[in-house]
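Asks: Chains as they are written, first to last, in this note's numbering: chain A, 178 to 495; chain B, 68 to 504; chain C, 423 to 693.
Where a beta carbon is used, it is the ideal one built from N, C-alpha and C, also for glycine.
All values derive from a computational prediction rather than experimental measurement.
Below is one structure. I have some questions about it.
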Amino acid sequence: MTTTTARAAVGAPGRRAPSGEKPLVTFEQANRRLKWALLAPALGFVGLMIVFPLVFTINLSLTDAFGAVNAGNSYLGLQNFADALTDTRRFWPAVGRTVTFTLGAVALETVLGLALAMLMRKAFRGMEIVRTILMVPLLATPVAIGILWMLILDPTNGIANHLLGFVGIPPQEFLGSVAQSLPTLMLIDVWQWTPMMTVLLLAGLTTLPEEPEEAARVDGANAWQRFVHVILPMLRTTILTALVLRGVDALKTFDLIYATKGPGGGSDFEAETLNVYAYGLTFDYQEYGLASAVLVLFTLFIVAIVVVLRRRTERSAS
Amino acid sequence: MTLPTSRRRAGELSRRSFGVLAAASVLAACTRGPQTASPNAPLRVLAINHVWTQAISTYLPELEERIGRRVSLRMLTADQLTSSFNVKLNASATDIDVMTVRPLQDQLMFARNGWIADLTDRVEGDAGYRWTDFQEAPRERSVVGGAAVSVPVVTERPALYYRRDLLEDFGGAPGTLDEMLDIALELERRSEGFFGYVGRGQRNGAVSQWSSFLYSFGGDFTHDGRSGIGTPEAVAAYEYYGRLLHEAGPPGVTNMSLEQAMPIFAQGKAAMYVDADAIYSNFLDETISTVADTVGFAPFPAGPAGSVPHNIPSWSLAINEFSLLRDDAWEFLRWASSPEMVARLQAEGIPGARQSVWDDAATLASFPAELAETMRINAANGIGHDRPDVMQVGRARDIVGRPLVSGILGEDVAAVAADADAEFNDFLVRDNRQREF
Amino acid sequence: MRASTTFGVLRAVLITIVCAVIALPIVWMIAAAFKTNVQVTDPTVGLAFTPTWDNFRGVLADGALVQSLGNSLLIGVVSTALSIVIAVPAAWAVGRFRMRRTGSIVLVARIIPAISLLVPWYYMFAQLGLVGSHLVLILSHMFVSVPLILWIMIGFFEGLPVELEDAARTDGLSAFGAFLRIALPLAAPGTASAAVLAFIFSWNNFIFALILADERTMTMPVLLFNFMSYASTDWGGLMAAATLMTVPVLLAAVFGQRYLVAGLTAGATKG
Chain A
178 MTTTTARAAV
188 GAPGRRAPSG
198 EKPLVTFEQA
208 NRRLKWALLA
218 PALGFVGLMI
228 VFPLVFTINL
238 SLTDAFGAVN
248 AGNSYLGLQN
258 FADALTDTRR
268 FWPAVGRTVT
278 FTLGAVALET
288 VLGLALAMLM
298 RKAFRGMEIV
308 RTILMVPLLA
318 TPVAIGILWM
328 LILDPTNGIA
338 NHLLGFVGIP
348 PQEFLGSVAQ
358 SLPTLMLIDV
368 WQWTPMMTVL
378 LLAGLTTLPE
388 EPEEAARVDG
398 ANAWQRFVHV
408 ILPMLRTTIL
418 TALVLRGVDA
428 LKTFDLIYAT
438 KGPGGGSDFE
448 AETLNVYAYG
458 LTFDYQEYGL
468 ASAVLVLFTL
478 FIVAIVVVLR
488 RRTERSAS
Chain B
68 MTLPTSRRRA
78 GELSRRSFGV
88 LAAASVLAAC
98 TRGPQTASPN
108 APLRVLAINH
118 VWTQAISTYL
128 PELEERIGRR
138 VSLRMLTADQ
148 LTSSFNVKLN
158 ASATDIDVMT
168 VRPLQDQLMF
178 ARNGWIADLT
188 DRVEGDAGYR
198 WTDFQEAPRE
208 RSVVGGAAVS
218 VPVVTERPAL
228 YYRRDLLEDF
238 GGAPGTLDEM
248 LDIALELERR
258 SEGFFGYVGR
268 GQRNGAVSQW
278 SSFLYSFGGD
288 FTHDGRSGIG
298 TPEAVAAYEY
308 YGRLLHEAGP
318 PGVTNMSLEQ
328 AMPIFAQGKA
338 AMYVDADAIY
348 SNFLDETIST
358 VADTVGFAPF
368 PAGPAGSVPH
378 NIPSWSLAIN
388 EFSLLRDDAW
398 EFLRWASSPE
408 MVARLQAEGI
418 PGARQSVWDD
428 AATLASFPAE
438 LAETMRINAA
448 NGIGHDRPDV
458 MQVGRARDIV
468 GRPLVSGILG
478 EDVAAVAADA
488 DAEFNDFLVR
498 DNRQREF
Chain C
423 MRASTTFGVL
433 RAVLITIVCA
443 VIALPIVWMI
453 AAAFKTNVQV
463 TDPTVGLAFT
473 PTWDNFRGVL
483 ADGALVQSLG
493 NSLLIGVVST
503 ALSIVIAVPA
513 AWAVGRFRMR
523 RTGSIVLVAR
533 IIPAISLLVP
543 WYYMFAQLGL
553 VGSHLVLILS
563 HMFVSVPLIL
573 WIMIGFFEGL
583 PVELEDAART
593 DGLSAFGAFL
603 RIALPLAAPG
613 TASAAVLAFI
623 FSWNNFIFAL
633 ILADERTMTM
643 PVLLFNFMSY
653 ASTDWGGLMA
663 AATLMTVPVL
673 LAAVFGQRYL
683 VAGLTAGATK
693 G
């Protein structure tokens, strides 16, 4: 009892108890209750929407669920995982394609985004217009973008081959070709998401202090040296954060591939990434057990990457 | 402010158990018990976006009047339809009554899952319906484990669409596959955007069209439950189709399904095209076709084993097992597949599955004469399936489609076929086990 | 001096090229929406042609399409509003009381592939009789919006000076009151940009409606595929529908560009 009054007196300028009465609740207790009360709906909602599906999926991955989801299943233990990890015809190529697509697209987006951000660093006339134009691809619907590019890149009727013809390049098959599909998809992704990287990196650039660069210039460093040795290190945290954001979304790319290559990732599975493969297993083959195992592996893969990148981010921020 | 310990604990316990009770009762209230449909509920039909559906939709008012209920007809593309069915029926949804299914693709799986109703008593018990009037092959495909689970409404055979003006010098349409290849290679002028042959090259759609080639070379997908795609006949068929598209076909053909291949012929950019005979009306429609006057129709050319096309029920009607309007749903099926309606639709150019309608010359009058003859010949020679006869058709199609794609890409077909053959055998072992239900 | 002007010119040229590369496909899409189908599939027809409103007329006459537009709008607005109500106070709590770890649990939602949720969600909502309703789509879209808004607003709230709120509390306001009267109004620009971004991502969402919607509640992205019909692709109509779908995006970009950029970067730079 005495402690309560003492705590109240020390911690709460605002919660002044009427003289003689003990306060109902301390400042810190009120805070604790408040913050959990405010956080609870969000936590509860997300938890509810994740926990059951996750448990359901993990459960399914241990069964031979097939055909109908609620038909009787028998438990297989880790058999599905073993099947997936030893499948060199579909699973591992899908992993390879996912990695290729993500690394290639995100690397290009980062480099181009950084270049563009450096160009836009100093204010210039028409900057508002440029930023407006920049926002459009990253806000547009990925499905619509996919269909638009299918029209542009159509081998016989598309404007792309028409323009290439003017510079003497023979017509390409683009999305119609097995070999060219994945690179083409990567380039479309670069077109759509480089502005996102630009926006993020530009924001980071503008918050950088000027003194280190000034000092370097005074010391005689040229533009490139200043960029590599002064700006880049200071930008590390921002770059890593942007990589995490864009990387996770790139790993999970679905809309673009579904819109352009359809379910199955194309005739020779040329665009079948892990997400597309899992979709096909679920909705085309109805092999829910195997599909769930693939999804669990995929999720672990993404989590691992995020954890690694975030650890590097925290290390560089300190 | 703090209750004495014992009372507090009791209070907390009762609060917690009350919470549990509340949650349980909410869930119980929400889970479905036996339900009946409201009298105002429409009869919901979830159907494929197809010329048949478009035609039947114009006649809906007469059914609505007969059953005293509105009919809500929704058309989806094939992929959307499949995923809609999968998701809804997995949850025993009651918001579908009538479904269009592909007897050769989904039916076996749906039946195994218990998703489509047993129609045997209805089709056999109704004398006016004349179940035996349906052609034998489609009728047999409607039966799973002794129970009729669907009624066929559209049948399909491959037609060879060709340009009469261009093939005149070669004596008209080719009678054999060898001739077709030769003509295609002669006529192709890729650099000018003209192709000797166009066909489906996208793995999923290509397998069903390629089946006719497979049969005409003397092969089949399975022999006695074992894989047939590694046989010399199958390899020859793979190589033939691959060469046809690789050397005489359009660029990007591996991405072409029906929707992409058809416009190429319709715009006059190809000399020959083999695909479903049901799509012929597109080539006669002057708003989208430049070959309305020059298109010809021929039966499937003969391979080393003769002309053996597929003659299949492409779409059938089924009733959702969980529907609350089973009787009205059956009314829809009965009306849409009745001898009168099938005759009406066939006279409008949609080939059905009833023998009496095929025998009636008046219904064939709507088809161009050459096409009617083509369909008759193909039907006489045809085999009743165009894809592997398995439960998991999707995976099987992907396996047998691999050598096809490698042929179109100009790769070593024999090696890929051998590997696919092994994979198919493994698959068949598993699939056969699943079929025992 | 000369070096800097040539650099200046070079910079202008490069930026112009980049803008052209980004804008031209969008321009192409809008142009195609005004062409006939024959013109769309003819690559020699560039930007000089007589425009026609037929495609838009056809699209807007299509009842299913107009309905899907309405669905996208309804689901976008409701899911965004509900997500704001849930996520903004939570973001304040995380930011003010430095509950980073707890906050990152919600961000886990960003990592999970949608497909692993679809079948269980479907099962869950089917048991509750909610499938094919607008509610199920709203809930699934909120699943994406709540972490997004949280992520943006945590950054905003962390950047707000604490002194203002403490001063208010000295004057007798409760902590919650300080949030309502001080922090929330100050964060209004952030809330606005978070809301617009959440709406746009809901508007663009494809995979949930692909699986969870039925014919009444289908949203626009899924309906785009209806134009790829059995017989031929109505490219003109497709591009008109795509243009209609992109209109809110263009509006947001033109009028709200500054706020959207602030929103996107707030979460990122605060990491």
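If we ignore side chains and look at the alpha-carbon of each, how far apart do MET142 of chain B and VAL220 of chain B end up?
Replies: 16 angstroms
Asks: With three or more C-beta pairs closer than 8 angstroms as the rule, is the stretch 209 to 227 of chain B touching the stretch 372 to 385 of chain B?
Replies: yes
Asks: Assuming the contact rule is C-beta atoms closer than 8 angstroms, VAL154 of chain B and TYR544 of chain C should be a hit. Round their C-beta distance to whole Å, please.
Replies: 5 angstroms
Asks: Where do the N-terminal and C-terminal ends of the alpha helix (DSSP H) with TYR264 of chain B fall, by residue?
Replies: For TYR264 of chain B, no alpha helix (DSSP H) encloses it; the enclosing beta strand (DSSP E) starts and ends at 262 to 265.
Asks: Residues of the stretch 309 to 326 of chain B in Cβ contact with chain A at a cutoff of 9 angstroms, in chain order, please.
Replies: Correct list: PRO317, PRO318, GLY319, VAL320, THR321, ASN322, MET323, SER324.
Asks: I want to see whether chain A comes within less than 7 angstroms of ILE671 of chain C, judged by CB atoms only; does it?
Replies: Correcting the residue type first, residue 671 of chain C is Val in the shown sequence and not Ile. True, the Cβ-Cβ gap to chain A drops below 7 angstroms.
Asks: Under 7 angstroms Cβ-Cβ, which residues of chain B neighbour ILE633 of chain C?
Replies: Residues of chain B whose Cβ lies closer than 7 angstroms to the Cβ of ILE633 of chain C are, in chain order, SER150, VAL154.
Asks: What residue range does the alpha helix (DSSP H) around ALA398 of chain A cover?
Replies: That residue, ALA398 of chain A, is in no alpha helix (DSSP H); it is neither H nor E in DSSP.
Asks: Show which residues of chain A have a CB atom less than 9 angstroms away from the CB atom of SER567 of chain C.
Replies: The premise fails here: SER567 of chain C is roughly 10 angstroms from chain A at the closest Cβ pair, so nothing lies under 9 angstroms.
Asks: Roughly how many angstroms lie between the CA atoms of ARG266 of chain A and ALA356 of chain A, to the nearest whole one?
Replies: 17 angstroms
Asks: Are the beta-carbon atoms of PHE351 of chain A and LEU325 of chain A separated by less than 7 angstroms?
Replies: no
Asks: Counting only Cβ-Cβ distances shorter than 8 angstroms, please list the residues of the stretch 250 to 272 of chain A near chain B, keeping chain order.
Replies: ARG266
Asks: Taking the alpha-carbon positions, what's the SER562 of chain C to ALA617 of chain C distance?
Replies: Rounded to the nearest whole angstrom, the CA to CA distance from SER562 of chain C to ALA617 of chain C is 16 angstroms.
Asks: Look at the alpha carbon of PRO542 of chain C and the alpha carbon of LEU477 of chain A, and state the distance between them as a whole number of angstroms.
Replies: 19 angstroms
Asks: Could you round the C-beta distance between LEU686 of chain C and LEU377 of chain A to whole angstroms and report it? I think they count as a contact, below 8 angstroms.
Replies: 7 angstroms
Asks: Should ARG141 of chain B be flagged as near chain C, meaning a C-beta pair shorter than 7 angstroms?
Replies: yes
Asks: Could you tell me whether the stretch 352 to 366 of chain B touches the stretch 432 to 442 of chain B, using the rule of 3 or more Cβ pairs below 8 angstroms?
Replies: yes
Asks: Give me the residue from C:MET564, C:ILE533, C:GLY599, C:ILE448 with the minimum Cα distance to ASP426 of chain A.
Replies: C:ILE533
Asks: Which class does TYR229 of chain B belong to by DSSP, given the choice of helix, strand or coil?
Replies: In this structure, TYR229 of chain B counts as strand in the three-state DSSP scheme.
Asks: Just to confirm before moving on: does the CB-CB distance between ALA178 of chain B and VAL211 of chain B stay below 7 angstroms?
Replies: yes
Asks: Please report whether the beta-carbon of ALA610 of chain C lies at a distance below 7 angstroms from any beta-carbon of chain A.
Replies: With 7 angstroms as the cut-off, ALA610 of chain C does not count as an interface residue toward chain A.
Asks: In the DSSP output, which residue or residues are listed as bridge partners for ILE183 of chain B?
Replies: B:ASN387
Asks: Name the chain C residues that come within less than 9 angstroms of ARG308 of chain A, Cβ to Cβ?
Replies: Those are ALA675, GLN679, ARG680, VAL683, listed as they occur along chain C.
Asks: Measuring only the C-alpha atoms, how far is VAL683 of chain C from ALA675 of chain C?
Replies: Across the structure, VAL683 of chain C and ALA675 of chain C are spaced so that their CA atoms are roughly 10 angstroms apart.
Asks: Below 9 angstroms on C-beta distance, what does TYR462 of chain A contact in chain C?
Replies: Within chain C, no residue comes near TYR462 of chain A; the closest Cβ sits about 13 angstroms away, beyond 9 angstroms.
Asks: Terminal residues of the continuous beta strand (DSSP E) containing GLU223 of chain B?
Replies: 218 to 223
Asks: Which of the three DSSP states is assigned to SER92 of chain B in this structure?
Replies: For SER92 of chain B, the predicted structure reports a pLDDT of 41, less than 50, and the residue's modelled location is therefore unreliable. The matter cannot be settled from this model.
Asks: For the beta strand (DSSP E) holding THR167 of chain B, just list the boundary residues, first then last.
Replies: Counting along the chain, the beta strand (DSSP E) containing THR167 of chain B begins and ends at 165 to 168.
Asks: Within 10 Å of its beta-carbon, does VAL232 of chain A have 16 or more other beta-carbons around it, so buried, or fewer, so exposed?
Replies: exposed
Asks: Do we get a CB-CB distance below 7 angstroms when we pair ALA245 of chain A with the residues of chain B?
Replies: yes
Asks: Give me the Cβ distance between MET327 of chain A and THR437 of chain A, rounded to the nearest whole Å; I'm assuming they're in contact under 8 angstroms.
Replies: 5 angstroms
Asks: How many angstroms separate the CA atom of ARG99 of chain B from the CA atom of GLU129 of chain B?
Replies: Residue placement at ARG99 of chain B is poorly supported in this model, since its pLDDT is 45, which falls under 50; the coordinates still yield a value, given next. Roughly 34 angstroms separates the two Cα atoms.
Asks: Given 8 angstroms as the limit, is there contact between the stretch 660 to 667 of chain C and the stretch 449 to 460 of chain C, that is, 3 or more CB pairs closer than that?
Replies: Counting Cβ pairs under 8 angstroms, three or more are found: they touch.
Asks: Would you say SER444 of chain A faces chain B, with C-beta separation under 7 angstroms as the test?
Replies: yes
Asks: Can you pull the DSSP bridge partners for ASP342 of chain B?
Replies: B:ALA226
Asks: Kindly examine the ligand MG and report whether one of its heavy atoms sits closer than 6 angstroms to the Cβ of ALA292 of chain A.
Replies: Within the structure as shown, the ligand MG is missing, as the structure has no ligands at all.
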